[in-house]
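For reference, the structure discussed in these notes is given below.
Residue numbers (my numbering), protein chains in the order written: chain W, 7 to 214; chain E, 10 to 787.
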């Protein structure tokens, strides 16, 4: 990851940390740089996916239907930063809780970043990833995705309450043939989005 | 079986990929019943192998989601595999659930699942192949389950990634040390990578054990084609690399994902050849799942988790305050300890029950190998069983009765044993007598099948003030025991009891002992001068090549040697205690608080400085001028200051009040709860943190024990709110008078009321303020 990537991530990390429209704090800034460097060292990023021409049955409902409208296929995907990140966050809470909180937020942003980078290789006509739990979609659909991909080999698991482990993991779908920049204007969630209500966004933009 | 005769044995190849290739879909284990003939066909196509693997990879009570009884599937699967007319090994994969502490499957639950598998298969199969494990801890539970519930041979393999570690961070050396210790029949690697990429890993496995090595690689690295995983390596290249492995000394070969009967036919030609001997130098080594500690040169064993002479630790053990132990463990690791002594030997304590809890707690925060220290064999076994690797047992001595009870445990779990050079008659005076006891211990261990490299000897430190002339005997014995080829240990600081300026005696004695061949001083790693003596010795004796480690540690050395080793963090200087709390300078806050306390009464410092600073921080946070990391830094600084205050308060002063915190059953994300803990502690509340995914009954028990003023429950997702409601109901039924606070991403005041909570607070600061308001203690 280069420094412009880090600049790209920084607003997102601040967002996760609950900073609202405030200029940077030098101490937190320094922590972010250290935490991202730590992540580059300890994260074991894994990405699994399968491409379907026809969406699997569990996607034949809202909000997936709206998301997939006009697409010519769907990618089912799962990704994780691995268990070492959880372990380090856990340990840091005993040693330096502020750092633990910053590492946690950095890890969330870093996972998104690595996933976005990976997806650039999968095609140029992909919509932004959509994960069960967003937009009122049921969390239990994660079971369908786990059934399709069996991501256990990458160290991911799903517990009885539909929590993914390691905690820095995502699983979702990507509409193919529907290229779109992440933007609020085109987002079908715009009416109900909590981020937007607070004047924030769920994504980072270069230069902002 | 060829295997038993020291001949190369060939396993079959990929099964899942073969099912897919033949267009068979659905739950693979169920195909044993629904598509029996096609399954038999695959087995027959693999009959060129010496051992056939039954189609049972996911057949355990946690993972299997098919519609037949487990036993029926097991029987049919083995029947199908018999079609190849070769010995049949039962295939055992991981449970698919994640073990504690990151996941919520306990070691014991994993064991029970594998025990069930053993019970349904031991009468029909010829052996077990435990494969594709990525968590060594889970694999340990499986090996124990099969060893304790069947007498069939056990082969065990794990998967490594391109960095040469398993997903949970174990290296080939760690895997080999652990599985050799547990006494499997063959160990190795499957799946992971292609045969060429596996060569370096195989090399490392071979040099870490004298047990047979098994390798079942994938058909090269997968290539993604249109969303599908495709394997493209040629059979020629596969065979070529397997030939290299045979040359290196591998005993059992086969294939994994993507390999087909053709690949196995190509390597079947090695079947029956004599296994090549491989180089293996036995070493005394203990390990956790992530850290190997070879007891050569000098290794520091941290002594601070032994309650002898430590009042605060005693209290923590009696109160089962395991957080205290975790903090001690982290501090010792950061200060340079290589392994940690763990002792819970107090008359008030049920050691057998507590030791495994301690081991599990330490695993969460510290990855050093452990020295299990107890005089109770049952407590030793309970602790050793749940270690995530190979521990050191402290101790046996020359007393036959002791050895006869401890050695079977060490043998079963592969532990290294520390032998004390004394017996039922006490500590002998002369070096010669101590050496002869050491020899007796080594000899007796061999009778139990425990090799010399699994034994260490402590030649016993006497106190110089009482028996000055015997100090030399300890050192003489040390040198002579070293010459026997076993690693040595000493509890160094015992030497200075009853003398003034003990640290000076300790470090001088340490230097003398190191020179005589001491490998493992059991000492206080927080004593920077002691650690410094070890580092200097490593430099002077050439262990620390080019003085790299020494220079790295001490290049910035100034007047504070004690801190230098622990590489203390520098913090900006802030002028006042108030500023330190506001700006979150933890160490400086504690120092300045101490200074304030020398001139003002403790409660004045609390009311006039600390509370005012916290109020200011709270105000800034609420008005959006300070943010979460800063709030937490301030809270930690305030906590450090409060710890100074508490040292100045009269004994028996009660805290502001008690709070029990828990993230509810099923919920494994506890960052919010952890933040709450830090912040409300900074407001002076005593917190008992039960952790995450806490069973309802455990919350109830803790509340009955602690009798808190308040209980805080957190839940992150809608799926666990019902568990929160059930927890509240159970607490009410148990008649608690504590106020119940709830919080978490999915909660709001309405939900909180609906599920029967007393209060909802939106964040950590909200809870701190609400507590003060409700209990009138602002």
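In this text, a Cβ means the ideal position worked out from N, Cα and C, and glycines have one as well.
Checklist line | Where residue 573 of chain E falls: helix, strand or coil (DSSP) | finding: For this step, residue 573 of chain E is matched to residue 564 along the second chain. Any reading at residue 573 of chain E must be qualified, since the residue scores a pLDDT of 40, below 50, and its modelled position is unreliable; the value itself is stated next. Of the three classes helix, strand and coil, the one that applies to residue 573 of chain E here is helix, per DSSP.
Notebook entry, point to check: Using a Cβ cut-off of 7 Å, which residues of the region 167–178 of chain W contact any Cβ in chain E, in chain order?
Noted result: Under the 7 Å Cβ criterion, the region 167–178 of chain W contributes 167, 168, 169, 171, 172 and 173.
Next item on the list: Identify which residue in W/106, W/201, W/171 and W/132 has its Cα closest to the Cα of residue 82 of chain W.
Entry: On the first chain, position 76 is the one that residue 82 of chain W refers to. With distances taken between Cα atoms, residue 82 of chain W lies closest to W/132.
Note to self: Applying the 10 Å Cβ sphere with the 16-neighbour rule, what's the burial state of residue 570 of chain E?
What the structure shows: What you label residue 570 of chain E is simply residue 561 of the second chain in a count that begins at 1. Because the pLDDT of residue 570 of chain E is 45, which lies under 50, any placement of that residue in the model is unreliable, and the number read from its coordinates should be weighed accordingly. That one is exposed.
Checklist line | Counted within 10 angstroms of its Cβ, other Cβ atoms place residue 513 of chain E as buried (16 or more) or exposed | finding: Walking along the second chain from the start, residue 513 of chain E turns up at place 504. Exposed, by the Cβ-count rule.
Next item on the list: Verify whether the separation of the beta carbon atoms of residue 294 of chain E and residue 399 of chain E is less than 9 Å.
Entry: Walking along the second chain from the start, residue 294 of chain E turns up at place 285. Walking along the second chain from the start, residue 399 of chain E turns up at place 390. Yes. Within cutoff.
Item checked: Beta-bridge partners of residue 723 of chain E, as assigned by DSSP -> Position 714 of the second chain, counting from 1, holds the residue named residue 723 of chain E. Answer is E/672 and E/752, bridged to residue 723 of chain E.
Next item on the list: Pull up the CB-CB distance for residue 143 of chain E and residue 168 of chain E, whole angstroms please, since I reckon it's below 8 Å.
Entry: Locating residue 143 of chain E in the second chain gives position 134, where the first residue counts as 1. Locating residue 168 of chain E in the second chain gives position 159, where the first residue counts as 1. Contact flag correct, Cβ pair sits at about 5 Å.
Margin query: Per the DSSP calculation, residue 199 of chain E is bridged to which residue(s)?
Written below: The residue given as residue 199 of chain E occupies position 190 in the second chain. DSSP lists E/225 as partners of residue 199 of chain E.
Next item on the list: Just the chain W side, please: which residues come within less than 8 Å of residue 758 of chain E by C-beta, in chain order?
Entry: For the purposes of this step, residue 758 of chain E is identified with residue 749 of the second chain, where counting begins at 1. Contact annotation for residue 758 of chain E against chain W: no contact, minimum CB-CB distance about 17 Å [criterion: below 8 Å].
Notebook entry, point to check: Is residue 804 of chain E helix, strand or coil by DSSP?
Noted result: The displayed coordinates of chain E run from 10 to 787. Any statement about residue 804 of chain E would go beyond what the structure contains.
Notebook entry, point to check: Is the beta carbon of residue 648 of chain E sitting closer than 9 Å to the one on residue 690 of chain E?
Noted result: The residue you call residue 648 of chain E lines up with position 639 of the second chain. The residue you call residue 690 of chain E lines up with position 681 of the second chain. In this structure, residue 648 of chain E places its C-beta atom within 9 Å of the C-beta atom of residue 690 of chain E.
Checklist line | N-terminal and C-terminal residue of the alpha helix (DSSP H) that residue 204 of chain E is part of | finding: Walking along the second chain from the start, residue 204 of chain E turns up at place 195. Its alpha helix (DSSP H) spans residues 204–215.
Item checked: Bridge partners - residue 52 of chain W, DSSP secondary structure assignment -> On the first chain, residue 52 of chain W is found 46 positions in, with the first residue counted as 1. The partner list for residue 52 of chain W (beta bridge, DSSP) reads W/86.
Notebook entry, point to check: Got a sec? Which residues, its chain only, sit under 8 Å from residue 316 of chain E by beta carbon, not counting five neighbours each side?
Noted result: Taking the first residue of the second chain as 1, we reach residue 316 of chain E at position 307. Taken in chain order, the residues that qualify are 322, 323, 326, 352, 353, 354 and 355.
Check: Whole-angstrom Cβ separation of residue 112 of chain E and residue 165 of chain W, contact assumed at under 8 Å?
Finding: Mapped onto the second chain, residue 112 of chain E falls at position 103. Mapped onto the first chain, residue 165 of chain W falls at position 159. Between residue 165 of chain W and residue 112 of chain E the Cβ distance is about 7 Å, and since that is below 8 Å, they are a contact.
Check: With a cut-off of 9 Å, does the C-beta of residue 159 of chain W fall near any C-beta of chain E?
Finding: The residue you call residue 159 of chain W lines up with position 153 of the first chain. Interface residue, yes.
Check: Using a beta-carbon distance below 9 Å, is residue 522 of chain E in contact with chain W?
Finding: By 1-based counting over the second chain, the position of residue 522 of chain E is 513. So no, residue 522 of chain E is outside the interface.
Notebook entry, point to check: How about the region 615–633 of chain E and the region 669–684 of chain E: do they share at least three Cβ pairs that are nearer than 8 Å?
Noted result: no
Notebook entry, point to check: Does the region 38–49 of chain W come close enough to the region 64–79 of chain W to have 3 or more Cβ pairs within less than 8 Å?
Noted result: no
Check: Can you find at least 3 beta carbon pairs, one from the region 69–87 of chain E and one from the region 30–42 of chain E, that sit closer than 8 Å?
Finding: Segments in contact, yes.
Check: Roughly how many angstroms lie between the CA atoms of residue 329 of chain E and residue 366 of chain E, to the nearest whole one?
Finding: Within the second chain, numbered from 1, the residue matching residue 329 of chain E stands at position 320. Within the second chain, numbered from 1, the residue matching residue 366 of chain E stands at position 357. So the two alpha carbons sit approximately 9 Å from each other.
Margin query: Taking a contact to mean a Cβ-Cβ separation below 9 Å, would you say residue 429 of chain E touches residue 445 of chain E in this structure?
Written below: As a position in the second chain, residue 429 of chain E is number 420, starting the count at 1. As a position in the second chain, residue 445 of chain E is number 436, starting the count at 1. Contact: no.
Note to self: Could you check whether the region 118–131 of chain E touches the region 175–195 of chain E, counting it as contact only if at least three pairs of C-beta atoms, one from each stretch, sit closer than 8 Å?
What the structure shows: no
Note to self: Can you check which of these residues, E/377, E/715 and E/783, is closest to residue 337 of chain E by C-alpha distance?
What the structure shows: Taking the first residue of the second chain as position 1, residue 337 of chain E is located at position 328. Of the listed residues, the one whose Cα sits closest to residue 337 of chain E is E/377.
Next item on the list: Measuring only between beta-carbons, confirm whether residue 433 of chain E sits less than 9 Å from chain W.
Entry: Position 424 of the second chain, counting from 1, holds the residue named residue 433 of chain E. Under the 9 Å criterion on CB atoms, residue 433 of chain E is classed as non-interfacial with respect to chain W.
Notebook entry, point to check: Which runs of the beta strand (DSSP E) spanning at least 3 residues fall entirely within the region 81–161 of chain W, listed in chain order?
Noted result: 138–141
Item checked: Proximal residues to residue 242 of chain E (C-beta, below 7 Å), its chain only, five neighbours per side dropped -> Taking the first residue of the second chain as 1, we reach residue 242 of chain E at position 233. Excluding sequence neighbours, residue 242 of chain E sits near 203, 228 and 229.
Checklist line | Stretch-stretch touch, CB-based, cutoff 8 Å, three pairs: the region 245–259 of chain E with the region 146–155 of chain E | finding: no
Margin query: Could you check whether residue 656 of chain E and residue 715 of chain E sit closer than 9 Å to each other, using their CB atoms as the reference points?
Written below: Here residue 715 of chain E is taken as the residue at index 706 of the second chain, counted from 1. Here residue 656 of chain E is taken as the residue at index 647 of the second chain, counted from 1. No, the Cβ-Cβ distance between residue 715 of chain E and residue 656 of chain E is not below 9 Å.
Notebook entry, point to check: So residue 651 of chain E and residue 700 of chain E are in contact, right, with Cβ under 8 Å, and what is the actual spacing, rounded?
Noted result: What you label residue 651 of chain E is simply residue 642 of the second chain in a count that begins at 1. What you label residue 700 of chain E is simply residue 691 of the second chain in a count that begins at 1. About 23 Å; that fails the 8 Å criterion.
Note to self: Ignoring anything shorter than 4 residues, give me the alpha helix (DSSP H) runs that lie fully in the region 80–152 of chain E, in order along the chain.
What the structure shows: 116–130
Check: By the 10 Å Cβ neighbour count, where 16 or more other Cβ atoms means buried, how is residue 566 of chain E classified, buried or exposed?
Finding: Numbered from its first residue, the second chain carries residue 566 of chain E at position 557. With fewer than 16 other Cβ atoms within 10 Å, it is exposed.
Note to self: Let me confirm a value: residue 396 of chain E is counted as buried when at least 16 other C-beta atoms fall within 10 Å, else exposed. Which label applies?
What the structure shows: Taking the second chain and counting its residues from 1, the one referred to as residue 396 of chain E is at position 387. When all chains shown are included, residue 396 of chain E counts as buried.
Next item on the list: Give the interface partners of residue 143 of chain E over in chain W, defined as CB-CB distance under 7 Å, in chain order.
Entry: The residue you call residue 143 of chain E lines up with position 134 of the second chain. In chain order: 161.
Checklist line | Contacting residues, own chain, Cβ-Cβ under 6 Å from residue 768 of chain E (five flanking each side not counted) | finding: Here residue 768 of chain E is taken as the residue at index 759 of the second chain, counted from 1. Within the same chain, residue 768 of chain E has close Cβ partners 750 and 779.
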